[in-house]
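**Q**
Number of protein chains: 2
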Amino acid sequence: MSAPGGGADAAAPAPPPATAPAPAPAPAGVPLTVDEDLVRAVDFTKGDGLVSAIVQDTIDGTVLTVAYMDEEALRRTLATGRSWFYSRSRGEYWQKGDTSGDRQYVREVRIDCDGDALVVRVDQHGRGACHTGERTCFYRTIGTGPGVPAPTGP
Amino acid sequence: MSAPGGGADAAAPAPPPATAPAPAPAPAGVPLTVDEDLVRAVDFTKGDGLVSAIVQDTIDGTVLTVAYMDEEALRRTLATGRSWFYSRSRGEYWQKGDTSGDRQYVREVRIDCDGDALVVRVDQHGRGACHTGERTCFYRTIGTGPGVPAPTGP
Numbered sequence: 011m012s013a014p015g016g017g018a019d020a021a022a023p024a025p026p027p028a029t030a031p032a033p034a035p036a037p038a039g040v041p042l043t044v045d046e047d048l049v050r051a052v053d054f055t056k057g058d059g060l061v062s063a064i065v066q067d068t069i070d071g072t073v074l075t076v077a078y079m080d081e082e083a084l085r086r087t088l089a090t091g092r093s094w095f096y097s098r099s100r101g102e103y104w105q106k107g108d109t110s111g112d113r114q115y116v117r118e119v120r121i122d123c124d125g126d127a128l129v130v131r132v133d134q135h136g137r138g139a140c141h142t143g144e145r146t147c148f149y150r151t152i153g154t155g156p157g158v159p160a161p162t163g164p
Numbered sequence: 011m012s013a014p015g016g017g018a019d020a021a022a023p024a025p026p027p028a029t030a031p032a033p034a035p036a037p038a039g040v041p042l043t044v045d046e047d048l049v050r051a052v053d054f055t056k057g058d059g060l061v062s063a064i065v066q067d068t069i070d071g072t073v074l075t076v077a078y079m080d081e082e083a084l085r086r087t088l089a090t091g092r093s094w095f096y097s098r099s100r101g102e103y104w105q106k107g108d109t110s111g112d113r114q115y116v117r118e119v120r121i122d123c124d125g126d127a128l129v130v131r132v133d134q135h136g137r138g139a140c141h142t143g144e145r146t147c148f149y150r151t152i153g154t155g156p157g158v159p160a161p162t163g164p
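If you're matching them up, the sequences are chains X and S in order. Heads up: the first sequence begins at 11 in our numbering, then just goes up one per residue. Heads up: the second sequence begins at 11 in our numbering, then just goes up one per residue.
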């Protein structure tokens, strides 16, 4: 659409460039309701203070990524409702999405039978969990087959 | 139905006790079609020869368990179509279900962006993946919350 009062070839001064609207601020996370007995059941001793945290999409169950938590990262995750990890290579805590905007809001944290791994079910915001821009870090397939469906019913 | 030639109260000798039918032999796994370039992309160096293998149910996406594979366990998994792992504590290979009967038939193996973790999607037979008898090792919930659903649309 032409500017009011001027054709495409009018000699009027160009309008100021449109500025993009500021992005909406990120919503706050919602703290989780916590079973303290189970927090104490997490066994950080086997992994030199760390446990694996398998992050899973609540929408379709996709495994998005796997990272590490120590007790502080787990506490921050439960208290903030957003995923916190510990980077072994950088020796520091990081909250997913702080840099990329691809935040993870936590719905559930589960612990495995021997207490040394967690499943963290999240609402993934932004592009996805992977630094490559893919939704999941597991975007490449090494092998495929038909499997053997389990028998059903007696 | 009565036996031919004898009523229920006939004085014929008791039949031999019924023996339970032998369990059907476990079906063979189906070897996977493999992308060799991606097998070579698995980085076993960071984990002292091991990578995490996150085992996921093909039926509903449940994360069943997490275990470790070295290159030999991965090769056996791809070649046999059943999950093989390496036990750090016992220092040996094990094929899931050999003892319990709770076998895992593999449909897909995926690799993550930096090559140090796998997702193994399986048809879980028997009771489940956990030695406790639960279907998943992640049967306990540390924390729950509502999350923050991701915004939809443009």
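Beta carbons: idealized from backbone N, C-alpha and C, even for Gly. No experiment lies behind these values; they were computed from the predicted model shown.
#1: Measuring CB atoms only, is the segment 98–105 of chain S touching the segment 116–133 of chain X, in the sense that at least three cross pairs come out at less than 8 Å?
#2: Please report the residue range of the beta strand (DSSP E) in which S:Arg-131 lies.
#3: Does the Cβ-Cβ distance between S:Asp-45 and X:Thr-151 come in under 8 Å?
#4: Hey, is the segment 58–78 of chain S in contact with the segment 53–71 of chain X, meaning 3+ C-beta pairs nearer than 8 Å?
#5: Anything in the segment 144–162 of chain S with a Cβ closer than 9 Å to a Cβ of chain X? List those residues in chain order, please.
#6: Throw me the rounded Cβ distance for the X:Gly-91 and X:Val-40 pair, which I believe falls under 8 Å.
#7: Find the nearest neighbour of S:His-135 within the set S:Asp-124, S:Pro-156, S:Gly-111, S:Cys-147, judged by alpha-carbon distance.
#8: The alpha helix (DSSP H) that contains S:Leu-48, what's its start and end?
#9: Here's the rule I'm using: 16 or more other beta-carbon atoms within 10 Å means buried, otherwise exposed. How should S:Thr-142 be labelled?
#10: Would the beta-carbon of X:Ser-93 fall within 8 Å of that of X:Val-76?
#11: Could you tell me which chain X residues have their CB closer than 7 Å to the CB of S:Tyr-115, listed as they occur along the chain?
#12: Where does S:Gly-138 land, buried or exposed, given buried means 16+ other C-beta within 10 angstroms?
#13: From which residue to which residue does the alpha helix (DSSP H) around X:Thr-90 run?
#14: If you follow the beta strand (DSSP E) that X:Glu-102 is in, where does it begin and where does it stop?
#15: What is the DSSP secondary structure of X:Phe-54, counted as helix, strand or coil?
#16: If we count the other Cβ atoms within 10 Å of its Cβ and call it buried at 16 or more, is S:Ala-38 buried or exposed?
#17: Please list the partners that S:Gly-39 has in chain X, where partner means a Cβ-to-Cβ separation under 9 Å.
#18: Looking at the secondary structure, which residues open and close the beta strand (DSSP E) in which S:Asp-108 lies?
#19: Skipping 5 residues on each side, what residues in its chain have a beta carbon closer than 8 Å to that of S:Glu-81?
#20: Run down chain X in chain order and give the residues with a C-beta less than 7 Å from the C-beta of S:Leu-48.
#21: How long is the line joining the alpha carbons of X:Pro-35 and X:Ala-83, rounded to whole angstroms?
#22: With 8 Å set as the bound, which would you pick, yes or no: does the beta-carbon of X:Gly-71 sit closer than that to a beta-carbon of chain S?
#23: Give the residues of chain X in contact with S:Arg-120, contact being defined as C-beta atoms less than 7 Å apart.
#24: Could you check how far apart the C-beta atoms of S:Leu-88 and S:Val-61 are, in whole angstroms? I think they sit under 8 Å.
#25: Would you say the beta carbon of X:Arg-92 comes nearer than 7 Å to a heavy atom of the ligand FMN?
#26: Cutting at 7 Å between CB atoms, please list the residues of its own chain near X:Leu-48, excluding the five before and the five after it.
#27: Grouping DSSP H, G and I as helix and E and B as strand, with all else coil, what is X:Ile-121?
#28: In terms of alpha-carbon separation, which member of X:Thr-162, X:Leu-42, X:Gly-153, X:Gly-157 lies closest to X:Arg-85?
#29: Just the chain S side, please: which residues come within less than 8 Å of X:Gly-91 by C-beta, in chain order?
#30: Which residues in chain X sit within 8 Å of S:Gln-66, going by Cβ to Cβ distance?
**A** So, from the data block:
#1: no
#2: 127–134
#3: yes
#4: yes
#5: Those residues of the segment 144–162 of chain S placed with their C-beta closer than 9 Å to a C-beta in chain X are Glu-144, Thr-146, Cys-147, Phe-148, Tyr-149, Arg-150, Thr-151, Ile-152, Gly-153, Thr-154, Gly-155, Pro-156, Gly-157, Val-158, Pro-159, Ala-160, Pro-161, ordered along the chain.
#6: 4 Å
#7: S:Gly-111
#8: 46–50
#9: exposed
#10: no
#11: Within chain X, Gly-157, Val-158 have C-beta atoms less than 7 Å from the C-beta of S:Tyr-115, given in sequence order.
#12: buried
#13: 81–90
#14: 102–105
#15: Three-state DSSP puts X:Phe-54 in coil, outside helix and strand.
#16: Classification of S:Ala-38: exposed, given that the 10 Å Cβ count is below 16.
#17: Gly-155, Gly-157, Val-158
#18: S:Asp-108: not part of any beta strand (DSSP E); DSSP gives it neither H nor E.
#19: Val-52, Phe-54, Gly-59
#20: For the C-beta of S:Leu-48, the chain X residues within less than 7 Å are, from N- to C-terminus, Arg-150, Ile-152.
#21: 23 Å
#22: yes
#23: Phe-148, Arg-150, Thr-151, Ile-152
#24: That belief does not hold up - the Cβ atoms of S:Leu-88 and S:Val-61 are roughly 14 Å apart, past 8 Å.
#25: As for the ligand FMN, it is missing from this structure, which has no ligand bound.
#26: Ile-121
#27: strand
#28: X:Leu-42
#29: Gly-155, Gly-157, Val-158
#30: Those are Gly-71, Val-73, listed as they occur along chain X.
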